[in-house]
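The structure appears below as C-alpha cells.
Residue numbers (our numbering): 2 to 368.
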C-alpha cells in the first residue's frame, strides 16, 4: 500500500479534527447561490427557476443540461461536452437525469409564479433538443415545495444496516406503481446486488477509458472546483477531513489513474454496500426517451420525499454499465422490464446537508 493510498484510507479516522478547516476553506463552493443575480436576458424569477431545476442528480455530477430561452418558452437539451460516452454510451443515464431536471422545474414553477406545461420533442436521448416547456404567469402557490429541492443529496456513507419498516419500504416503491421492487439486504436478491455492485465497480476500475473519464470530472483543488462548479469533489464523494485536505493539496491527475487509487475506490464500494437496508430497483416499460424521462421524474419525486423519513439514497449504476452484469442482473433478481436505476437505500441518523457543486444559470444557457 502506498503512503498516499494509506492516508486516503485512514483519513476517516482523523477526519473530524480537520473537518472544520475543510468546510471553512471551501465555504461558498458547496452550492450555487439560490438567489443568484439573473443573467441580463432573464428575469430573477426565471433565473431562480432554472437554478432549482439544476439541483437534479446526474452521472459524475456532469450537469448535462443545456437550456434555450425564448421569452416564455424553454427548450431543454443536453450539452454534448457533458456526455459520458465511456459509461453511458447511449445516453440512457443522461435522459434519466434530464427527467429529474424537468421534475424539479415543474415542482418549482408554481412556487415562483409560473404554470409550466411540457412536450417531449426529441426522438431519442442523443438528440440535441429533448423537451420544450411553456411558461405562463400564475399566482404563486407558496414556497413550501422549494426546501426539499435545496436539501436533496446523495448519501454515500452513514447508511445504517437497520431494516426498513414495512410502511417505509412500501412508500419507497409507491412512486413507481409496478415499476419498482425493494430487496432487503439480507435477501438472496439483496446479496446478489451487493456482490454484483462490487464486482462491476472492480471491472469498471480496470477499464482505462472509464477511469480516465471519471478522472476528468474529479475536482481535486479548490481552484478546479471554483472554475468548473461541477464534477466530483472530496465533499460530494464523502472523503472526509484530513483525507480530503490531502487529496486537494497532494494528489495529481496522474494519481487518479494509478492502481492504488482504483483499488481504494473499490474498497470504498465494499464498505458502502456492507452498510445499508437494501436496494431499490427501478424499471421502465421500455427504453424510449419518453419512458426514460418519466422514470427520471418519478425517481426524483421519490428521492425528494425520503429526506423527511431519514432514508439516504445512493445510485450505484455500475451493474447497468458493465457486462456481464447488465445482462445477468434481471434474471438473477427476477425482473423482466428494463432496469433503469439500482439505488442503495438505508436509514441515516442525521440527513446530511447538500454539498455537490452547481453551475451558474449563465453557464446552462445555450450559446
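Beta carbons are placed, not taken as given, at the ideal position from N, Cα and C, and that holds for glycine.
Take the Cβ of residue i as the centre, count every other Cβ of all protein chains shown within 10 Å, and call the residue buried at 16 or more, exposed below.
{"i": "residue 170", "result": "buried"}
{"i": "residue 300", "result": "buried"}
{"i": "residue 368", "result": "exposed"}
{"i": "residue 62", "result": "buried"}
{"i": "residue 202", "result": "buried"}
{"i": "residue 126", "result": "buried"}
{"i": "residue 190", "result": "buried"}
{"i": "residue 354", "result": "exposed"}
{"i": "residue 329", "result": "exposed"}
{"i": "residue 72", "result": "exposed"}
{"i": "residue 83", "result": "buried"}
{"i": "residue 78", "result": "buried"}
Measure the alpha-carbon distance for residue i versus residue j and round it to whole angstroms.
{"i": "residue 403", "j": "residue 360", "result": "Only positions 2 to 368 of the chain appear in the structure, and residue 403 is not among them; the question remains open."}
{"i": "residue 76", "j": "residue 111", "result": "19 Å"}
{"i": "residue 204", "j": "residue 323", "result": "7 Å"}
{"i": "residue 140", "j": "residue 265", "result": "52 Å"}
{"i": "residue 57", "j": "residue 210", "result": "26 Å"}
{"i": "residue 128", "j": "residue 342", "result": "22 Å"}
{"i": "residue 334", "j": "residue 100", "result": "26 Å"}
{"i": "residue 363", "j": "residue 122", "result": "24 Å"}
{"i": "residue 338", "j": "residue 163", "result": "29 Å"}
{"i": "residue 176", "j": "residue 298", "result": "10 Å"}
{"i": "residue 216", "j": "residue 347", "result": "28 Å"}
{"i": "residue 187", "j": "residue 165", "result": "12 Å"}
{"i": "residue 48", "j": "residue 108", "result": "15 Å"}
{"i": "residue 161", "j": "residue 42", "result": "47 Å"}
{"i": "residue 262", "j": "residue 212", "result": "10 Å"}
{"i": "residue 332", "j": "residue 291", "result": "25 Å"}
{"i": "residue 327", "j": "residue 218", "result": "24 Å"}
{"i": "residue 325", "j": "residue 206", "result": "15 Å"}
{"i": "residue 294", "j": "residue 120", "result": "11 Å"}
{"i": "residue 229", "j": "residue 46", "result": "24 Å"}
{"i": "residue 53", "j": "residue 277", "result": "29 Å"}
{"i": "residue 305", "j": "residue 150", "result": "7 Å"}
{"i": "residue 118", "j": "residue 55", "result": "18 Å"}
According to DSSP, residue i sits in a beta bridge with which residue or residues?
{"i": "residue 342", "result": "283"}
{"i": "residue 99", "result": "Beta-bridge pairing links residue 99 to no other residue."}
{"i": "residue 120", "result": "133"}
{"i": "residue 182", "result": "282"}
{"i": "residue 71", "result": "74"}
{"i": "residue 313", "result": "347"}
{"i": "residue 115", "result": "138"}
{"i": "residue 79", "result": "66"}
{"i": "residue 219", "result": "233"}
{"i": "residue 366", "result": "68"}
Skipping 5 residues on each side, what residues in its chain have a beta carbon closer than 8 Å to that of residue i?
{"i": "residue 199", "result": "267, 270, 271 and 274"}
{"i": "residue 138", "result": "114, 115 and 116"}
{"i": "residue 260", "result": "none"}
{"i": "residue 350", "result": "159, 161 and 311"}
Leaving out the 5 sequence neighbours to the left and right, which residues in its chain are closer than 6 Å to residue i when beta-carbon positions are compared?
{"i": "residue 64", "result": "231 and 360"}
{"i": "residue 74", "result": "135"}
{"i": "residue 80", "result": "65 and 67"}
{"i": "residue 352", "result": "308 and 311"}
{"i": "residue 158", "result": "239"}
Against chain C, does residue i count as a neighbour if the rule is that its beta carbon must be under 9 Å from one of theirs?
{"i": "residue 219", "result": "Of the protein chains in this structure there is only one, and it is not chain C."}
For a test of your reading of the model: does the CB of residue i fall under 8 Å from any non-hydrogen atom of the ligand SAH? Yes or no.
{"i": "residue 316", "result": "No copy of the ligand SAH appears in this structure; indeed no ligand is present at all."}
Can you list, in chain order, the residues of its chain whose CB lies under 7 Å from that of residue i, leaving out five sequence neighbours each side?
{"i": "residue 130", "result": "76, 78, 122 and 123"}
Given 8 Å as the limit, is there contact between the region 304 to 311 and the region 180 to 196, that is, 3 or more CB pairs closer than that?
-> no
So, do the region 218 to 232 and the region 277 to 289 have three or more beta carbon pairs nearer to each other than 8 Å? The answer is no - the region 277 to 289 does not touch the region 218 to 232, with fewer than three Cβ pairs under 8 Å.
(message) Would the region 79 to 96 count as touching the region 146 to 154 if we require 3 or more Cβ pairs under 8 Å?
(response) no
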